[in-house]
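In what follows, a structure is listed as structure tokens, so that the remarks can point back to it.
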Amino acid sequence: MSEGRKEAFEIFKRDYIHSDTVEKNKRDLKNRYADAKSLGEQVNSSRLKINKLKTRIEQHRVRRSVQGLMNGEEDDAHMDPEEGRLRQAIEDEKARYKHSFTELRSLKTEIEHLQHFLEKSKVQMQKDFEIWWAEQASINMAQPPNDVRAAWKTPPLSPIRPAQDNPRPPSASRRQRDDRGAGKMSSRLRAEAQIASSTLTMNPTSSIPLTGDSRADADIRAFIRARQNLLQQRGK
Numbered sequence: 001m002s003e004g005r006k007e008a009f010e011i012f013k014r015d016y017i018h019s020d021t022v023e024k025n026k027r028d029l030k031n032r033y034a035d036a037k038s039l040g041e042q043v044n045s046s047r048l049k050i051n052k053l054k055t056r057i058e059q060h061r062v063r064r065s066v067q068g069l070m071n072g073e074e075d076d077a078h079m080d081p082e083e084g085r086l087r088q089a090i091e092d093e094k095a096r097y098k099h100s101f102t103e104l105r106s107l108k109t110e111i112e113h114l115q116h117f118l119e120k121s122k123v124q125m126q127k128d129f130e131i132w133w134a135e136q137a138s139i140n141m142a143q144p145p146n147d148v149r150a151a152w153k154t155p156p157l158s159p160i161r162p163a164q165d166n167p168r169p170p171s172a173s174r175r176q177r178d179d180r181g182a183g184k185m186s187s188r189l190r191a192e193a194q195i196a197s198s199t200l201t202m203n204p205t206s207s208i209p210l211t212g213d214s215r216a217d218a219d220i221r222a223f224i225r226a227r228q229n230l231l232q233q234r235g236k
């Protein structure tokens, strides 16, 4: 994916209609991961405690047997209070282990569901972006930046006013003023047209302030050419 397309995708993703739902599910998934980590630690801790308690029971039984032999007493198969306490501790820890393990298994199912939803949302957003990108490309192709007529329309010449039915003959002094004014206007327009024409012909880009953007620069050049045509038409 090109850099421009990546930037467009980031903008599209930010304004995507389902972005709030996707972000919420991401936060929920992150929290579920934290909960699962905590429950996993509890399960492991309970397992270790149970194993340690079992070891303590075995050690306690060995001490009792040795003590009985030293005292000449027969091995008492009955459970003493210390072993009873250790066995109760094992049962309590087993209950905590079972509870944590059940929650962890349920949480694992929820995490898998959120992961599946996020993956599905990601694919759908990518599809929607491709559709949007194709639409934008189609619009740009329908309006090419180098099309002068589409970018800048040449301003129309001023319409010619119809002659009056009974025009009043101008006086001699008025005709002289009109002739001089028209001559000056015509000369000025021809001079502007010649300057614009020679400037664009000799160095068409150096005298035009460009922006660096290809589309904007094409529009600027189109406008200059349209203005040149207008000046040439009026100077004839």
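For what it's worth, UniProt numbering labels the leading residue of the sequence shown as 1, then goes sequentially.
Even for Gly, the Cβ is constructed at its ideal location relative to N, Cα and C.
| Item | Value |
| --- | --- |
| Closer than 8 Å to chain D by CB, lysine 37 | Absent from the structure is chain D; it holds one protein chain and no more. |
| 8 Å Cβ cutoff met for residue 237 and glycine 40 | Since the displayed the chain opens at 1 and closes at 236, residue 237 lies outside it and no answer follows. |
| Isoleucine 17, DSSP secondary structure in three states | coil |
| Given arginine 61 as reference, the closest of Glu83, Asp20 and Tyr16 once Cα atoms are compared | Glu83 |
| Best match in Ser38, Asp128 and Gly68 for proximity to alanine 8 [C-alpha to C-alpha] | Asp128 |
| Residue closest to alanine 117, alpha-carbon to alpha-carbon, out of Leu29, Lys6 and Ile11 | Just to set this straight, residue 117 is phenylalanine in the shown sequence, not alanine. That would be Leu29, whose Cα lies nearest to the Cα of phenylalanine 117. |
| From Glu110, Lys122, Gln124 and Trp133, residue whose alpha carbon lies closest to that of alanine 34 | Glu110 |
| C-alpha gap between valine 43 and glutamate 93, whole angstroms | 10 Å |
| Rounded separation between glutamate 130 and glutamate 119 - CA only | 17 Å |
| Local Cβ density within 10 Å of serine 46, reported as buried at 16 or more and exposed below that | buried |
| As assigned by DSSP and simplified to three states, the class of serine 2 | coil |
| Buried versus exposed, by CB contacts within 10 Å (16 or more), serine 106 | exposed |
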